[in-house]
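Numbering (my numbering), first residue to last: 277 to 543.
What follows is the structure, given as structure tokens:
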């Protein structure tokens, strides 16, 4: 009996040793999930920027339609505020104020062309094309990192970059047109390089590719983001030309009724 007991003890010790040498896939996945999710949320929780650039729709035949794009964002104790202003061609202008709570709940106010006062944008319009581009109103904020359902998939390369692969799945409590969002996030800088969003109901996908990653004021950002909708010719580009990663913004900077984002753009 003693020999049998010692054999069991030795077997248990060997299993423990092997688990240390070869961590289980589940443990590794949980470790990756904690790393990438914590890093992504902390990145958003440190946002404090002003940027300006161009939002361009590129048709399949090469025709370009460009709009001036100005935005600012800051994380406050109650969540993230993002104020965007898109103008031209012509004199028409669209202003958006997005707020995301610490739990990922999003609200959107808008002053649309022809309107004088800000109104809450109904959820039914969140998936509308923003000034005719492949970006929607909802795409202006990364709320999916704050959804409750998250899964770390097998890490893989995207181009030359080693990436975590994070799948964020929406629940009934999340106001979104997306069923899931899969993000390829650079392991070294914890910034996305490729994102695929899958629509609820249809399964259609929208792809985002991030170019020209750089550090501005200690924070990583992309100089250009391309959006493509599956099955739709052409694509759209959001190019950032000027920006400040430490803008020291306050509540007064996010009053959409007195928005003058263009005048405040960092030169």
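Even for Gly, the Cβ is constructed at its ideal location relative to N, Cα and C.
No experiment lies behind these values; they were computed from the predicted model shown.
> Helix or strand or just coil, what does DSSP make of residue 508?
Replying inline: coil
> Hey, quick one: how far does the beta strand (DSSP E) through residue 453 stretch, first residue to last?
Replying inline: Per DSSP, residue 453 belongs to no beta strand (DSSP E) and is neither H nor E.
> Sorted by chain position, which residues of the same chain lie with C-beta nearer than 6 Å to residue 378's C-beta, five sequence neighbours on each side aside?
Replying inline: 355
> Which word fits residue 391, buried or exposed, when buried means at least 16 other C-beta atoms lie within 10 angstroms of its C-beta?
Replying inline: exposed
>> Can you tell me whether residue 518 is buried or exposed? The criterion is at least 16 other CB atoms within 10 Å of its CB, across all chains shown.
In response: exposed
> In angstroms, rounded to a whole number, what distance separates the CA positions of residue 433 and residue 439?
Replying inline: 6 Å
> What does DSSP give as the partner residues of residue 468 in its beta bridges?
Replying inline: Beta-bridge pairing links residue 468 to 461.
> Where does residue 399 sit, in a helix, a strand or coil, going by DSSP?
Replying inline: helix
> Which runs of the beta strand (DSSP E) spanning at least 3 residues fall entirely within the stretch 375-434, listed in chain order?
Replying inline: 382-387 and 425-434
> Candidates 460, 473 and 435: which alpha carbon is nearest residue 445's?
Replying inline: 473
>> Using a 10 Å radius around the Cβ and a threshold of 16 neighbouring Cβ atoms, would you call residue 325 buried or exposed?
In response: buried
> If residue 382 and residue 331 are in contact, beta carbons under 8 Å, what's the gap, nearest whole angstrom?
Replying inline: The beta-carbon distance between residue 382 and residue 331, rounded to whole angstroms, is 20 Å. This is too long to meet the 8 Å contact definition.
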